[in-house]
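Peer 1: Mind having a look at this structure? Questions to follow.
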Amino acid sequence: MLAALGIESIEDLFASIPECLRYRQRLAIPNGRSEYEILDYFRARAEEGAKGYASFLGAGVYRHFRPVVIDALATRGEFLTSYTPYQAEISQGVLTTIFEFQTMVAQLTGMETANASMYDGSTAVPEAGMMAARITRRGRLLAARSLHPEYRQVLNTYYRHQDLPIETVRYDRDSGQIDLTDLESKLSDEVAAVIVQSPNFFGLIDKTREAAELAHRYGALLLVIFSEAAALGILEPTAEADIVAGELQSFAHPTSYGGPCVGVLATKKKYIRQMPGRLVGQTVDADGNRAFCLTLATREQHIRRAKATSNICTNQALVALMATVYMTVFGKQGLRELAEQNLAKARYLADAIRANAGSLVFSGPFFNEFVVRPGLGDSARVNDAALEKNVIGGLELGRLYPELDGALLVCATEVNRREEMDSYAACFGSSSRRI
Amino acid sequence: MLAALGIESIEDLFASIPECLRYRQRLAIPNGRSEYEILDYFRARAEEGAKGYASFLGAGVYRHFRPVVIDALATRGEFLTSYTPYQAEISQGVLTTIFEFQTMVAQLTGMETANASMYDGSTAVPEAGMMAARITRRGRLLAARSLHPEYRQVLNTYYRHQDLPIETVRYDRDSGQIDLTDLESKLSDEVAAVIVQSPNFFGLIDKTREAAELAHRYGALLLVIFSEAAALGILEPTAEADIVAGELQSFAHPTSYGGPCVGVLATKKKYIRQMPGRLVGQTVDADGNRAFCLTLATREQHIRRAKATSNICTNQALVALMATVYMTVFGKQGLRELAEQNLAKARYLADAIRANAGSLVFSGPFFNEFVVRPGLGDSARVNDAALEKNVIGGLELGRLYPELDGALLVCATEVNRREEMDSYAACFGSSSRRI
Amino acid sequence: MRLASGRPLGEFELSKIRRHQTQNEPLIFERSSLGKIGYQLPPLDVPPVDADEALGAENVRGEIAGFPEVSEVEIIRHFTRLSTWNYAIDLGLYPLGSCTMKYNPRLNEAVARIEGIVDAHPYQPQTLAQGVMRIQQVLESYLSNITGMAAVTLQPAAGAHGELTGILLIRAYLESKGDARGVVLIPDSAHGTNPATAATAGYKVKEIASNERGMIDMASLEAAVDDSVAALMVTNPNTVGIFEQDIARVAALLHDRGAQLYMDGANMNALVGVARPGDFGVDVMHLNLHKTFSTPHGGGGPGAGPVAVKSHIEPFLPVPRIREEAGMLRYDHDLPDSIGRVRAFYGNFGVLVRALAYILAHGGDGLRNATLDAVLNANYIRKGIENDYHLPYDAPSMHECVFSDSKQSLYGVKTGDIAKRLIDYGFHPYTVSFPLIVHGALMIEPTETESKGELDLFIDALKSIAREAETTPELVLEAPQTTRTSRVDETRAARKPIVIWEPPADGV
Amino acid sequence: MRLASGRPLGEFELSKIRRHQTQNEPLIFERSSLGKIGYQLPPLDVPPVDADEALGAENVRGEIAGFPEVSEVEIIRHFTRLSTWNYAIDLGLYPLGSCTMKYNPRLNEAVARIEGIVDAHPYQPQTLAQGVMRIQQVLESYLSNITGMAAVTLQPAAGAHGELTGILLIRAYLESKGDARGVVLIPDSAHGTNPATAATAGYKVKEIASNERGMIDMASLEAAVDDSVAALMVTNPNTVGIFEQDIARVAALLHDRGAQLYMDGANMNALVGVARPGDFGVDVMHLNLHKTFSTPHGGGGPGAGPVAVKSHIEPFLPVPRIREEAGMLRYDHDLPDSIGRVRAFYGNFGVLVRALAYILAHGGDGLRNATLDAVLNANYIRKGIENDYHLPYDAPSMHECVFSDSKQSLYGVKTGDIAKRLIDYGFHPYTVSFPLIVHGALMIEPTETESKGELDLFIDALKSIAREAETTPELVLEAPQTTRTSRVDETRAARKPIVIWEPPADGV
Ligand SMILES: Cc1ncc(COP(=O)(O)O)c(C=O)c1O
Ligand SMILES: Cc1ncc(COP(=O)(O)O)c(C=O)c1O
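Protein chains in written order, with my numbering: chain A, 16 to 450; chain B, 16 to 450; chain C, 30 to 537; chain D, 30 to 537.
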């Protein structure tokens, strides 16, 4: 090949890089390793983790059974090693599955349209907020304090430099749901949208309908956010919502230390041209057969540049495919039974903890997560006792919610066995003895 | 569908089974379980095993690195869930890979032709023996005592009821290789074939060329058997062999408790019509394009019935595919380097054991396996000491070779780390202390 | 004008286009280029050894001529592209009669790869093999419950291997009674492995003609069973998909005359949970785990052919047997009457694991329901095309239905042509021209896997082809037209066999 | 005559045949039938709960209208069939310019699924997260070594997300200096995410025209950089595949005037091991791990877009940062100047694992060699077709080469048509009509993955198409002819968007 190019050495091809800018050392990266050494390396890292622990962590990333067919299908090279389906004629596989994904997301959320995916729930929220601002041409946002704290952090980062001030709406100290009076007091005709999560960060079904009514009264949109998709199997969608954004990790991906995930954004048909992200649409090919392709690209960065509805390009297609397979496997009946199992497990655990002197902090109805305060000893003690039994307890809320210091956000899903739950609940009692 | 068939219940379709023969109880098999419970069940069984042990067992089943791509490709549904390629037009994928398999086996064994696979090495041997009997129209077989003992057991089972008496040929007590004088003494013009394994069960490169010369002198065929395919990367094939049969597990499959494996049978072109098993041949399709199909079916049971060269039908196609991928990944250079690493590891271990008062029982050249006698204490003590260090020692030969009671067949492959070998070698010393 | 590949431009399009992309992958040997590698090995952590010294120069080979030299991505592409030239259950209906091509759950692949199972070694200490031994023990017990037999060996690697094991068992049993006898009776409808097996076991084969209902003819059987007869090998349901209603009488007759009844269990998918061969008087039988119990066919194996026997045969089973004492499992090698090993180690263990997973997933009732659905599907197809194709035997069908091409052959269209045309309709063909007692047979076994929708499409395809056979036979005779590879010339392949690749003469 | 499916026979063939089998899979919703299930759940081991009571009846939904109801085998077939309608790197050359479609080693998939890694939870105690934290720390250090930058954040989920993070970092830094400024300069050759990002970060975008050599025009830059300018976003090598030779002078100019230099690192596959942006004066940049570091593109993600910065920017990086004390790693959330989080948790962790595996497999020298091969391949293609297609800029190409369709458009053949025709030759097309500064651009990036053989076939295809454009343009204009799906009507899709499936009006 060098001969064909009439050069001596490949180095010659880099002549256009000024000598002074060339890197003359060797990278400080050890020599290449064989796949067996690399597997060993990562297995060693895995041993430094929590292998074999039971866990009651949720808080935005959930442990659920994953049908083996998901990986069997998602690892097929045709899906794994293709890219954004720019060339529809040889990308109908991906395009069709995304179209199915969009449809299922719409069916689940009760919306009329959904996009091809966002990075994750935390980034879908600010995108939805900007979308609301474009629609309403307004510049204020109200976000419930019970919105996932890390989602709120991301929201702040995104908006800090746009003139999109965000105000936080309190939650009711008893119910743990949004404080409607506080919401109303903060609403005005400058507010573009009210952002409410349900189930909220505390695991509680929130008052989205009431919030919608208030928001709409002031001409603001209601954004409904979710981080635990499993709840959608049983939770009545908020028909009044204008945009639904959230996280589908529960339906697709292992916890994988919090990523990759898959964000969704669904809305009313009338807002479709304001949506961020890729959209797959139905059309026909030259022979009149049904076909799919990327559409409404005029919203997107590669056409609209600075005026685009978002800067997103690569999204989370493969995780969206996994979610599509998951939703197909569970289907109509399965998602319902899954949700009912989560409901039952969480209630069993809550009761068991109560029986060990723990008390629920909020009175609102919860799905598979709840906030609890140990009756004796503090949350740290409880979790330390649990760790000794190879159980990872719930999330200590102190750092994220100072007012909830000493309380725990505890999650139980269908994967948590009764014995595990008994064993963790016992720690609420046991830890007391150690005071 | 019942309506279409005009029946009330599916049971009606079983009317042709006489009432008295119907099974009216429920099977004594527990109710169906979900995939998560089944995974748990087998993980529990796995915990009752030797997870995380180092091992120096070989003796016909070998531990080798397996490139990740093997399973990535072999689990593609197109390969995994198809069957024997009877319909060539939609089976070119499997047919082409088998043709490649046959070619690589021939290249490795130095033969002119090879079949699509046999069940395993142990069953390939009697098939080869019967083939030799057909070719020579003779009825005696001579098998080296250093042929894998379980292969010899299978040979006996197969021949017990055919008039194919087998005689065993001694091995030389010093070299561990076939005793040529004993061989010659047992040769006669009634002998159809001489069966020699190389590397033999003791891991020794055997005297196949000398055996061939003797066999041929008496008009008998020489059958060369191997159970450690890794040796083929460095071992000069026996050009004088008439049939080569063996086991390719080393190139394809994890030890998997001894199965599935993949047997091979290669021979001279002139014997092709006497071969057992499937054969894939090259041809063209109606458009003149190269194509492949099953061929010489007239040898096989579905055409020849009682006169077939073998009763084999289903073989080991998927494992043969894995082996094909493996051989492709390692290729010309890789198989050589692999063999050299095995050579080096085994010698290092042998020296380390010698340094701990162990002694090699045989003087012949060995590949990655050798027979050793502890200098102090017996083989059981050595292995018990090893188990305490999570090391599974070599095979105690007493049960299979009474004359070698107290000796161990020890194998080291590229997967055995130096520290593991040091740790096992130390047991030969340490165990002494415990006498 | 020259092309980069050196070919004249005119030729070009032939070289890559063939209906659609990735359809022109060469053989891996043709892809090779000097010095390319796709393998990786960790650096050697012990001193290297000089091969010539270690083994003797005469024992050390030169390079393996012609062996592949390719990169990893070329390997992935090579086999991925080839895979797309293949049909499979994962792509659609695969109604190969007698092969029971049912869905292969992906779970079973995951299960068989669990660490501690997939890396178990057959010689590891039994104290460290309790798990893998338990898997065998549980599977044996379930299979004997399903077959109604006393004991099961898991050693045989496939159905035919199971047959051989079974006939050797019968031979050993009869020998122990004083006379191994010399003849095995086999119905003319039997699968080729049956006679081939009997011969391999050193028996002479005598064929029994089926009667006009496609079943064993009691009269000719009566006549055939004398004291030279060691056993009858019967497939039930038989290869015409019909249940042998006289099976109990057949068994009685044989036993009266000191012979044994062997049952080929390849068609157990019609019986599991509904009827048990043990109750028919069967003495020995095999199962095909890759059929009835859904372990992947893998392009032609690996399979597993466990053999189930009545108690009088048990002492003769292959060594070793698993015994349990105080919760500990151990191998018993001390079996003086055993026929010995039929395979090294413990059979196709990985296949056994998958089969057990399948059984656990279904449970007893689930297995029975699968049987019901399998028989329902076969009869639904039978009903769907009975007006379009000739049904040689009208006895009720079990898990498969067998038609003949006699109607179509009037127009010169044979079962083989219909099969190829089915490919154009997107299906794998049925089994062609087996069983031999049906001239021009179409042997169709849908299994319980298929939905009504897929069955309807299949029925429609066969109806449509029946019509084509009359109106446009050439369409059928020239099929398939829609595949990468058109009709393959099998005669030519056999005439001058080319079974391995050889470098082009000019050494290029 | 009626068909089982109820359709008249005439229609039939349309329904299943479409070039070859499995090409007519309906949407999963159209496959559904009432009551079918493909899921499994273990029995509930705690008392069931009444949903209405637990949540309040008003919060409990009815059934999810239209949601799929299918069996497991139907699921496997559905997605397996769909997958066969897709092109992929595993099937062949995928020369999408600017996307770096290189081979994705299967090893990395295995690594990312190791238990203890794949099931780690972001909130598990840090004492039990040392391994996953170490993976991040090591990857950060390698990436800063590769880029020559002081620090790296792994939080951004993709390139565009990294750009946003980077611009926000610059903004925060400038603010800390007293003035965030209002304008970001972007060359007219830039990728669309650059201006979109600047706008999202609240900046006005001013375009800089490239010069006749396809590079930044120093003069117009000089003129444009005033104290309203916060930064210049430059891609280097730029989107024409050309190294910005003045990059150091550009940096100096910006710094003189209090502005920062942002580099879009999408094209780092041309530089790794050969040159480091940190040495160019770049202040902030992002990497696309799914490009340069080969994590699978997955049909459009997930990716990862780590951002590397100089030390003056480090204090502003997103929270949390990993710190090491006495061998223990911990997260530091106490960063008063941080811009905050750009994503929940720790970014697309699973992607990071794969990228680290890729780096470990190559090692420092291996990474550099990959760069050399990538550039060699691009230049080989450039050389191969330079007589057939018009080369708008003759400056040396790095990892990709960009041609224009000006020769072919004389015959009415546009870059989009040539792209579709390439499909008939078995290749995925190049990137079409980007960058915008090249009218009718063909943007070709082969990556180091491709062998000379595959490149030659590709060159031959482009040569052949160039000839077709002259002699038989209709062949090109009507392409592709060899795929299941012929040319797709994208205009129609946009005119009246149908983005979700709806049950046919008649409710069938
Ligand atoms: C009726 C019958 N008997 C025996 C066999 C042989 O079984 P196997 O292919 O597993 O050896 C088959 C397989 O096709 C069969 O259909
Ligand atoms: C030059 C350039 N910049 C930025 C991006 C955006 O990166 P991503 O798709 O990962 O968001 C791309 C991806 O196509 C690109 O080519």
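Every residue gets a Cβ at the ideal spot worked out from N, C-alpha and C, and that includes glycine.
Whole alpha helix (DSSP H) runs in the stretch 151-187 of chain C with 4 or more residues, listed along the chain?
Peer 2: You should have 159-176.
Peer 1: Residues of the stretch 188-206 of chain A in Cβ contact with chain D at a cutoff of 9 Å, in chain order, please.
Peer 2: Listed in sequence order: no entries.
Peer 1: Whole-angstrom Cβ separation of residue 287/A and residue 140/A, contact assumed at under 8 Å?
Peer 2: With 8 Å as the limit, residue 287/A and residue 140/A do not qualify as a contact, their Cβ atoms being about 19 Å apart.
Peer 1: Around the Cβ of residue 63/C, are there at least 16 other Cβ atoms within 10 angstroms (buried) or fewer (exposed)?
Peer 2: Looking at its Cβ environment, which holds fewer than 16 other Cβ atoms inside 10 Å, residue 63/C is exposed.
Peer 1: Which runs of the beta strand (DSSP E) spanning at least 3 residues fall entirely within the stretch 293-376 of chain B, listed in chain order?
Peer 2: DSSP runs (the beta strand (DSSP E)) wholly in the stretch 293-376 of chain B: 295-299 and 305-309.
Peer 1: Evaluate the contact criterion for the stretch 320-329 of chain A versus the stretch 150-162 of chain A: three or more CB pairs, one atom per stretch, below 8 Å.
Peer 2: In short, these stretches do not touch, since the Cβ pair count stays below three.
Peer 1: DSSP on residue 86/B, reduced to helix/strand/coil?
Peer 2: Helix, per DSSP.
Peer 1: Does any residue of chain B bring its CB to less than 8 Å from the CB of residue 260/C?
Peer 2: With 8 Å as the cut-off, residue 260/C does not count as an interface residue toward chain B.
Peer 1: Do you know offhand how far residue 170/D's Cα is from residue 196/D's?
Peer 2: If you take the alpha carbons of residue 170/D and residue 196/D, they lie about 22 Å apart.
Peer 1: When the cut-off is 8 Å and only beta carbons count, does residue 71/B lie next to chain C?
Peer 2: Not closer than 8 Å to any Cβ of chain C, the Cβ of residue 71/B fails to qualify, so no.
Peer 1: Taking DSSP as the reference, what is the three-state secondary structure of residue 247/D?
Peer 2: Residue 247/D falls in the helix class under three-state DSSP.
Peer 1: Suppose contacts are defined by Cβ-Cβ distances below 8 Å. Is residue 115/C in contact with residue 117/B by that definition?
Peer 2: No, they are not a contact pair.
Peer 1: Tell me whether residue 94/D sits in a helix, a strand or coil according to DSSP, three-state version.
Peer 2: Correct three-state label for residue 94/D: coil.
Peer 1: Check this for me: beta carbons of residue 144/B and residue 170/B, under 8 Å apart or not?
Peer 2: A contact, by the Cβ cut-off of 8 Å.
Peer 1: Between residue 258/A and residue 207/A, what straight-line distance do the alpha-carbon atoms span, to the nearest angstrom?
Peer 2: Between residue 258/A and residue 207/A, the C-alpha separation is close to 12 Å.
Peer 1: Select from 237/A, 247/A and 215/A the residue whose C-alpha is nearest the C-alpha of residue 283/A.
Peer 2: Looking at the Cα atoms, 237/A is the closest of the given residues.
Peer 1: Hey, would you say the C-beta of residue 135/B is under 7 Å away from at least one heavy atom of ligand 1?
Peer 2: No, Cβ of residue 135/B sits at least 7 Å from all heavy atoms of ligand 1.
Peer 1: Check residue 261/B in the structure and name its three-state DSSP category.
Peer 2: Reduced to three states, the DSSP call for residue 261/B is strand.
Peer 1: Output, in chain order, the set of chain B residues within a Cβ distance shorter than 7 Å of residue 80/A.
Peer 2: Those within 7 Å of residue 80/A in chain B are 51.
Peer 1: Just checking my contact of residue 336/B with residue 89/B at CB under 8 Å: how many whole Å lie between their CB atoms?
Peer 2: Rounded, the Cβ-Cβ distance is 6 Å, consistent with contact.
Peer 1: Distance cutoff 8 Å, beta carbons only. Does residue 450/B sit that close to anything in chain C?
Peer 2: Only weak support is given to the placement of residue 450/B: the predicted model assigns it a pLDDT of 39, under 50, and the question is left unresolved by the model.
Peer 1: For residue 235/C, which residues in the same chain have their Cβ closer than 7 Å to its Cβ, ignoring the five residues on either side in sequence?
Peer 2: Closer than 7 Å at Cβ, skipping near neighbours: 212, 214 and 253.
Peer 1: Can you find a C-beta in chain C that's less than 8 Å from the C-beta of residue 344/A?
Peer 2: False, the Cβ-Cβ gap to chain C never drops below 8 Å.
Peer 1: Residue range of the alpha helix (DSSP H) that residue 174/B falls in?
Peer 2: Here the alpha helix (DSSP H) through residue 174/B covers 164-174.
Peer 1: Between residue 71/D and chain B, is any beta-carbon pair separated by less than 8 Å?
Peer 2: With 8 Å as the cut-off, residue 71/D counts as an interface residue toward chain B.
Peer 1: Can you tell me whether residue 112/B is buried or exposed, with buried defined as 16 or more other CB within 10 angstroms of its CB?
Peer 2: The residue is buried, with at least 16 neighbouring Cβ atoms inside 10 Å.
Peer 1: May I have the straight-line CA-CA distance separating residue 532/C from residue 95/C, to the nearest angstrom?
Peer 2: If you take the alpha carbons of residue 532/C and residue 95/C, they lie about 7 Å apart.
Peer 1: Apply the 10 Å Cβ neighbour rule to residue 243/A and answer buried if 16 or more other Cβ atoms are within range, or exposed otherwise.
Peer 2: With 16 or more Cβ atoms within 10 Å of its Cβ, residue 243/A is classed as buried.
Peer 1: Any residue with its Cβ nearer than 6 Å to a heavy atom of ligand 1 should be included. What is that list in chain order?
Peer 2: With the cut-off at 6 Å, the residues found are 328/B, 329/B, 127/C, 128/C, 187/C, 188/C, 189/C, 220/C, 222/C, 264/C, 268/C, 293/C, 295/C, 317/C, 332/C and 334/C.
Peer 1: Starting from residue 289/D, follow the beta strand (DSSP E) in both directions and report where the run begins and ends.
Peer 2: Residues 289-293.
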